[in-house]
Structures are given as structure tokens and as C-alpha cells.
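Some notes on the structure that comes next.
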Amino acid sequence: MRTKDRLAALKKASAAHGVQPDGDSALQLEPSQHQRDINDILEEVGRVRDWIRELTANTLVLRHLHADPTFHTNKLLQDRLDSVITSSNAIGLKICGALVQLEGRTREPSTATSNHVRARILRLQYAVTRRLYADALADHQRFLEVMHDHQLHLLQEQIKLTNLSISDDECQALLDTKNLSLFVDNVRADTLAARRALRAVEARHEQLARIEGSVRDVRDLFLRLSHLVADQQEQIDNVQHFALQATDYVESGEQNLMQGVVKLKQAREVPSAHYTFITLYFYCATLYYTLKQFNALASHYNTTTGCILWRHFSKPI
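Sequential numbering of the sequence shown, starting at 116, is according to the numbering used here.
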């Protein structure tokens with residue numbers, strides 16, 4: 116005999132009549148460990164499926180970018196496509212790591228042979244998630260192969276137009292370096308690179324001009340300092356010259372003072388009689404010298420008077 120669960124209808128009727136049931140919080144039972152394990156599994160699987168959906172969305176974005184007519188000449192679109200591919204690779208690595216962990220849990224002895232609800236949910240979610248990831252990865256890989264084939268075809272057409280002989284390895288190297296503009300010889304790319312280099316050179320030139328101005332100011336400052344030092348050196352030389360002269364004067368004055376002191380002492384030590392004798396001696400010497408001169412004059416004229424005078428005055432005193 117089947118019974119109908121009327122709990123929801125009774126709660127609705129009670130709420131309509133304004134009756135608040137007692138002990139309603141007692142019905143909110145804490146989840147068991149089994150329920151928590153299932154919630155953890157579903158949460159982990161949900162996170163992995165979010166990554167798978169993100170990978171699928173990235174594949175759609177790549178298709179949209181590659182379908183743009185200006186893709187092969189628009190550097191911004193190419194850079195954006197490269198960034199999306201890099202993001203998809205990172206997402207794929209995260210999905211692979213999560214699937215490896217799920218696979219490890221499914222191979223545990225308590226899960227591999229168990230028929231428990233938790234084990235069955237884990238195996239089922241792992242299988243479905245792995246299938247979803249395989250489909251998303253296959254779709255992404257197919258797009259990458261199509262894009263590679265399209266770029267290879269475009270490169271081969273350009274090689275034919277330019278009459279170049281390039282081997283398969285060289286062609287693959289050109290694809291790896293994304294050098295696909297052989298027909299125009301990468302004129303636009305070279306122009307952009309030259310403009311960037313020119314801007315860098317101009318900025319460097321401005322820096323060097325500012326540095327040159329600063330060096331010129333420093334040079335002028337040192338020139339002024341050299342002039343000031345030269346003037347100061349001249350003044351120092353003058354001061355040194357006058358100082359040496361003053362030193363010489365002081366030394367000569369000291370010698371003169373010493374000589375004066377000595378002479379003063381000698382003058383004080385000689386008696387007055389000595390001065391009288393010296394005076395008389397000088398007087399006699401003067402008289403003798405005068406007579407000698409007179410005798411010479413008389414001999415010159417050879418006169419008798421001169422001889423008499425000589426005999427008279429030449430007698431000893």
C-alpha cells in the first residue's frame with residue numbers, strides 16, 4: 116500500500132493560517148559523513164567541468180579570431196590568439212591533474228570493487244568528465260591542426276609567388292617563428308620594429324642631451340673655480356713675498372742692533388787718552404802726507420827753494 120507524503124502540504128497550510136511550528140529547527144539534520152563525501156565529489160567534478168567549459172569557450176574564441184579576414188595582417192589579433200592558446204594549455208594541465216587525482220581515488224581498494232553509492236558516483240563522474248574533456252580536447256586539437264594547415268598552405272603559396280626554394284624543415288621553422296609574410300618581405304613588421312627602435316634612440320638622445328647640458332654646467336663651474344683658485348694663489352704669493360721681506364728686515368735689523376750694541380760697548384771701554392793719541396796720530400799722518408805731496412811738487416819743478424824746504428821739513432820731528 117502506497118502512502119502520500121503530506122508534509123509539504125501541511126507546512127503550506129500552517130503558513131497560510133499563521134501558525135509557526137515548534138521545533139522546526141530540529142528537522143534540519145546535520146548531513147552525514149556519506150553525504151559530505153558525495154558533496155565533495157560533486158564539487159570537485161563541478162570544478163573540473165567548469166574548466167572544460169572554459170576550454171570549449173576558448174576554442175570558439177580561437178575559431179572566431181582565425182575567421183577574421185584581417186587575421187594574417189593584424190598583429191593584435193595574432194597576439195590575442197597566442198594568449199588564448201596559452202590559457203587553454205594551462206587549463207588543460209589543470210584538468211589533467213584533477214583527472215589524475217580522480218582516477219587515483221577510483222582505483223582505491225575501497226572504491227574499485229565496491230558497489231556503494233559513493234563509489235558508483237565517483238566512477239560515473241570520472242568517466243563522464245573524462246569523456247567531456249576528451250571531446251573538448253579533440254575539438255581544440257582539430258582547430259589547431261586546421262589553423263596549422265591553413266598557415267602552411269598560405270606560406271607555400273607565398274613561396275611559389277616569390278620563386279623561392281625552401282625545404283620542409285625551413286618551412287616548419289618559418290611556421291614556428293610565425294614568419295608568414297614572405298611576399299611583402301615583412302615590410303610592415305620591419306617598419307614597426309624600426310619605429311620602435313627610432314623612438315628608443317630618440318629617448319636615449321634626449322637623455323644624452325640632458326646629460327651633456329649637466330656636464331657643460333659642471334665644466335663651467337670648475338672653470339670658475341680654477342679662476343678663483345688662481346686669484347687666490349696670486350694673493351698668497353704676494354703675502355709670502357712680503358712675509359719674506361719682513362723676515363729679512365727683521366734679521367738685518369737684529370744684526371744691526373747687535374753691531375750697535377757691540378760698538379757701544381767698545382766705545383764705552385776705550386779711555387779718553389787713547390782717543391787723544393789717535394787724534395794726534397792722525398794729525399801727524401796728515402801733515403806728513405801733505406809734506407810728501409809738496410816735495411813731489413818741488414821735485415817736479417826742480418827748484419832750489421824746493422830742495423831747501425825739503426831738507427828743512429824732512430828732518431825728524
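We treat Cβ as the ideally placed atom computed from N, Cα and C, and that holds for glycine.
Please state the DSSP three-state secondary structure of residue i.
{"i": "residue 182", "result": "coil"}
{"i": "residue 231", "result": "coil"}
{"i": "residue 306", "result": "helix"}
{"i": "residue 188", "result": "coil"}
{"i": "residue 223", "result": "coil"}
{"i": "residue 154", "result": "helix"}
{"i": "residue 278", "result": "coil"}
{"i": "residue 137", "result": "Unreliable positioning characterises residue 137 in this predicted model, as indicated by a pLDDT of 49, which lies under 50. A coordinate reading is not provided."}
Just how far apart, CA to CA, sit residue i and residue j?
{"i": "residue 375", "j": "residue 367", "result": "12 Å"}
{"i": "residue 336", "j": "residue 328", "result": "12 Å"}
{"i": "residue 256", "j": "residue 209", "result": "17 Å"}
{"i": "residue 356", "j": "residue 350", "result": "10 Å"}
{"i": "residue 126", "j": "residue 151", "result": "28 Å"}
{"i": "residue 212", "j": "residue 205", "result": "11 Å"}
{"i": "residue 378", "j": "residue 358", "result": "30 Å"}
{"i": "residue 353", "j": "residue 339", "result": "22 Å"}
{"i": "residue 322", "j": "residue 309", "result": "20 Å"}
{"i": "residue 333", "j": "residue 315", "result": "27 Å"}
{"i": "residue 307", "j": "residue 218", "result": "50 Å"}
{"i": "residue 128", "j": "residue 207", "result": "52 Å"}
{"i": "residue 284", "j": "residue 278", "result": "17 Å"}
{"i": "residue 361", "j": "residue 373", "result": "18 Å"}
{"i": "residue 216", "j": "residue 222", "result": "10 Å"}
{"i": "residue 313", "j": "residue 330", "result": "25 Å"}
{"i": "residue 232", "j": "residue 123", "result": "27 Å"}
{"i": "residue 501", "j": "residue 254", "result": "There is no way to answer for residue 501, as the model of the chain reaches only from 116 to 432."}
{"i": "residue 311", "j": "residue 172", "result": "35 Å"}
{"i": "residue 318", "j": "residue 250", "result": "52 Å"}
{"i": "residue 370", "j": "residue 380", "result": "15 Å"}
{"i": "residue 348", "j": "residue 364", "result": "24 Å"}
{"i": "residue 324", "j": "residue 346", "result": "33 Å"}
{"i": "residue 326", "j": "residue 342", "result": "25 Å"}
{"i": "residue 344", "j": "residue 320", "result": "36 Å"}
Judging by CA-CA distance, which residue of the options is the nearest neighbour of residue i?
{"i": "residue 180", "options": "196, 168, 170, 167", "result": "196"}
{"i": "residue 261", "options": "370, 128, 174, 158", "result": "174"}
{"i": "residue 263", "options": "187, 358, 309", "result": "187"}
{"i": "residue 265", "options": "182, 254, 362", "result": "182"}
{"i": "residue 259", "options": "326, 201, 222", "result": "201"}
{"i": "residue 159", "options": "341, 172, 220", "result": "220"}
{"i": "residue 252", "options": "203, 278, 365", "result": "203"}
Under 8 Å between the Cβ atoms of residue i and residue j?
{"i": "residue 199", "j": "residue 177", "result": "yes"}
{"i": "residue 214", "j": "residue 245", "result": "yes"}
{"i": "residue 247", "j": "residue 153", "result": "no"}
{"i": "residue 156", "j": "residue 274", "result": "no"}
Can residue i be considered in contact with the ligand MG, in the sense that its beta carbon sits closer than 7 Å to one or more heavy atoms?
{"i": "residue 199", "result": "No copy of the ligand MG appears in this structure; indeed no ligand is present at all."}
Would you verify that the beta carbon of residue i is, or is not, closer than 8 Å to some beta carbon of chain B?
{"i": "residue 219", "result": "In summary, chain B is missing from the structure at hand, where a single protein chain is found."}
Counting pairs of Cβ atoms below 8 Å between the segment 188–195 and the segment 264–280, do you hit three or more?
The segment 188–195 makes no contact with the segment 264–280, as fewer than three CB pairs between them are under 8 Å.
Below 8 Å, can you find three or more Cβ-Cβ pairs linking the segment 160–170 to the segment 240–257?
Yes, the segment 160–170 is in contact with the segment 240–257.
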